[in-house]
Structure formats: C-alpha cells, structure tokens
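Okay, so here's the structure we're looking at.
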Amino acid sequence: MSFVKIFDNQGGIKREQVLEKLLQKVEQYYSEEAKESLVIEIADLILRSRPLCRHYKGQPLTGVYQEIYHQVHCLLVDWITQKLQTSDFNSITYEWLNQIQLQTFRIVLDDSRLKELALNAQNQIPNSSLRSYALTELVKAIKLSNQLCYPHRNLFSSKFYPLIYEEAVVQTMTYICTNIDRYDPQRGKGKFMSWVNFKLDKAVLICRRQFDLSYKYESCYLPDFDIIPDHPKTLTLGELLYQYLEKDPKGIFQKTFIIGNPQANFRAIALKRLSGKTWKEIARELKSKVSVLSAFYRRNCQKFQTLLQRELEG
Numbered sequence: 000m001s002f003v004k005i006f007d008n009q010g011g012i013k014r015e016q017v018l019e020k021l022l023q024k025v026e027q028y029y030s031e032e033a034k035e036s037l038v039i040e041i042a043d044l045i046l047r048s049r050p051l052c053r054h055y056k057g058q059p060l061t062g063v064y065q066e067i068y069h070q071v072h073c074l075l076v077d078w079i080t081q082k083l084q085t086s087d088f089n090s091i092t093y094e095w096l097n098q099i100q101l102q103t104f105r106i107v108l109d110d111s112r113l114k115e116l117a118l119n120a121q122n123q124i125p126n127s128s129l130r131s132y133a134l135t136e137l138v139k140a141i142k143l144s145n146q147l148c149y150p151h152r153n154l155f156s157s158k159f160y161p162l163i164y165e166e167a168v169v170q171t172m173t174y175i176c177t178n179i180d181r182y183d184p185q186r187g188k189g190k191f192m193s194w195v196n197f198k199l200d201k202a203v204l205i206c207r208r209q210f211d212l213s214y215k216y217e218s219c220y221l222p223d224f225d226i227i228p229d230h231p232k233t234l235t236l237g238e239l240l241y242q243y244l245e246k247d248p249k250g251i252f253q254k255t256f257i258i259g260n261p262q263a264n265f266r267a268i269a270l271k272r273l274s275g276k277t278w279k280e281i282a283r284e285l286k287s288k289v290s291v292l293s294a295f296y297r298r299n300c301q302k303f304q305t306l307l308q309r310e311l312e313g
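Just so you know, we're using numbering that gives the first Met the number 0 here: the sequence shown kicks off at 0 and counts up by one.
This is how it looks when you write it as structure tokens:
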C-alpha cells in the first residue's frame, strides 16, 4: 500500500510526515522505475490539497477538470524529478511543493482553459448544483491564473487602491456568476479574460463612485451609535436597529452576502459591528479580509438605508 493511501486511511498522519517518508524511500532506492513511482506518489500527495478541480460530490473528475488535473500532475512530476536530480532533498519541503503546485496551475490555466471552464459552466442547467460547482471552479481558476488586470491605478492612492480593487473583483466575480450566459466566445477575438477584465475595468470605476457616496452616508445609520442619546425607559435607535436586524423578518439581510462566503452576510456583519467588535475581529471570525468586509458593509448600508429608515421610524 502506498504512503498516500495510508494517509487517507489514517487522518492523524500529517502530509509533512508522509512526504518525509517518501523522500527517504527515494534516497534508498536505486531503481529508476521505483523512483518514478515514488515521485508520482509525491505529486498525488500534494494535489490532495489542490485549490482547483475538486471532486463534485465524490465523483471522479471528467472533461476539462480531468484534463487540467492531468496537466498539472505531469508538470509537478517533472518539477519534482528535476529537483531530485540535484540530490538537494532538504529543500523539498511541503511548503515548496505547494508553491510549485500554484505555479503549475498558473501555467496550465491559460485563456483557452479558462474559456473551456466558462463554456462548461454555460452548459450546466441554471440554478443547478452542477452550475454552482462549475461557477465556483471558474472563479477560483480566474484568480489562480493571475490574469486579472489592475486598471485605473493612477486614480487612487497606493493605500486606497487595494481596497477599491478587492471590492471591484468581488463585484466582477458576482457578475460573471450571474451572467455567465452572456459570454459569447464568437464575439471579438473570443478571449475569455478580455471579457472578464473589461468588466473589472468598469467595476473599479463603479466602486470608486460607490465609495465616494458611501462616505457621505457613513454616519447615517449603521456605522457608529455611540453618539445616539439613550432616552430613559425607551429603546435607543441602536437597540431597535439591532433587534430588527436580528429578526430579519424577510431574510433579506442574511441572503445578502459576499460571494463564496454565506457566513459573511450583511446581517452577521452589522450585528457584530453594533456589538462593538472591531473589523479585525469580524474578519477573523468570518474568514475574510477587512477591506472586503468594510467595503461590502458600507455599500449595503447605503443600499438598505431607505428600508431601515422606513421600518424603524414607522
């Protein structure tokens, strides 16, 4: 039985320990055939924590997912083989192999592969679990490919641009997931990333306008409630707001969330802010970035302002 299969059967054995045992075997074996087999096992081990081409409900990979996996696996085997030829075994760490894995995915995920993933998503029934899977894989592939552009940097300071950019990427990925059927491979040169980057370019400008507006509303309803007077025997506006968000009668606040992270919904973020938690604390709890959370929060404060005013003042 291979070490990788032992790892599957004994969850307590860490991948680092399995890798160490495999490398020890490589040093001991003189047969090229045996070494090749061990290199393949090392590649298998690393790809068990791959960021892309995950199995759909435990089913075997098929189509473009299987092709991408095979390409990445072959490249990993080549990288590892070349490294082993230097006899520098100490430098072959789990961290190094993970970095190589990311590099191989970037090599494989050219525009033609991304286009295949997009067309595969189009071929799935709308609102089906298979389409959700395909779109999730597509979004991950786009980010892994390192082909997203960085437009309009000259319009922002170096500190402010990352905040705007991250929100623009979120909006772009949301657009792609909800409008994937609008992608036409026959239009123009048919490059998928040209379509994506065109949307990202526009999203950056839209986010700039949204941020400009959101700062005007920063003190309107949700951001800070320390200044709200506490009238005796009556609930403060902050307390009323907390109760309303907690009940979320129509469920709209909980349904409004950062793509790919349903836990980071407007209801949860607002309640945590009203409870006095810092952005760093919220980001840690919801497993997101402060910049993404705060941008999402401000944008939706503006979006829900009229509704909240009507409900709380009525």
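Using N, Cα and C, we set each Cβ at its ideal position, and we do this for glycine too.
Owing to the predicted nature of the structure, the values given are computational and were not obtained by experimental measurement.
Name the one or two DSSP bridge partners that Asn260 has.
DSSP output for Asn260 lists Ile257 as bridge partner(s).
Between Arg130 and the ligand GDP, is there a pair consisting of the residue's CB and a ligand heavy atom that are separated by less than 6 Å?
Because no ligand of any kind appears in the structure shown, any question about the ligand GDP cannot be addressed here.
On the premise that Tyr132 lies in contact with Tyr149, defined as a C-beta separation below 8 Å, what is that separation, rounded to the nearest angstrom?
About 29 Å separates the two Cβ atoms, so there is no contact after all.
Please list the terminal residues of the continuous alpha helix (DSSP H) segment that includes Leu74.
Element bounds for Leu74: Gly62 to Leu83.
Keeping to the same chain, check which residues put their C-beta closer than 7 Å to that of Asp299; ignore five residues upstream and five downstream.
Checking the sequence, you will find Asn at residue 299 rather than Asp. Thr255 and Phe265, listed in sequence order.
On the three-state DSSP scale, how would you describe Ser127?
If DSSP states are grouped into helix, strand and coil, Ser127 belongs with coil.
Take Asn196 as the anchor and find which of Leu113, Val289 and Thr80 has the nearest alpha-carbon.
Here the closest residue by C-alpha is Leu113.
Assuming Arg105 and Leu75 are in contact, meaning their beta carbons sit under 8 Å apart, how far apart are those beta carbons, in whole angstroms?
Contact flag wrong, Cβ pair sits at about 13 Å.
What would DSSP say about Arg298, mapped onto helix, strand or coil?
The answer is helix: DSSP assigns Arg298 an H, G or I state.
Using a 10 Å radius around the Cβ and a threshold of 16 neighbouring Cβ atoms, would you call Lys286 buried or exposed?
When all chains shown are included, Lys286 counts as exposed.
Could you check what DSSP says for Lys286 in three-state terms: helix, strand or coil?
Lys286 falls in the coil class under three-state DSSP.
Hey, Ile268 and Thr173 are a contact pair by Cβ (cut 8 Å); roughly how many whole angstroms apart?
Contact flag wrong, Cβ pair sits at about 17 Å.
For Glu15 and Ile45, I'd like the C-alpha separation in whole angstroms.
The alpha-carbon atoms of Glu15 and Ile45 are separated by roughly 10 Å.
In this structure, how does DSSP classify Tyr132 when only helix, strand and coil are distinguished?
Three-state DSSP puts Tyr132 in a helix.
Closest to Asn47 by CA distance: which of Glu284, Asp110, Tyr93 and Thr80 is it?
The sequence as given places Arg at residue 47; Asn does not occur at that position. Taking only the C-alpha atoms, the option nearest Arg47 is Tyr93.
Label Phe159 either buried or exposed according to how many other C-beta atoms from any shown protein chain fall within 10 Å of its C-beta, with 16 as the threshold for buried.
Classification of Phe159: exposed, given that the 10 Å Cβ count is below 16.
Between the beta-carbon of Leu96 and the beta-carbon of Ala117, is there less than 7 Å?
No; because the gap between Cβ atoms is not below 7 Å, this pair is not in contact.
Spatial neighbours of Gln65 within its chain, please: CB distance less than 6 Å, with the 5 preceding and 5 following residues excluded, ordered by chain position.
If we look at Gln65 and ignore the five residues flanking it on each side, it has no Cβ neighbours.
Curious, which full-length alpha helix (DSSP H) runs of at least 4 residues does the stretch 21–52 contain?
With a minimum length of 4 residues, the continuous alpha helix (DSSP H) runs that stay inside the stretch 21–52 are 31–46.
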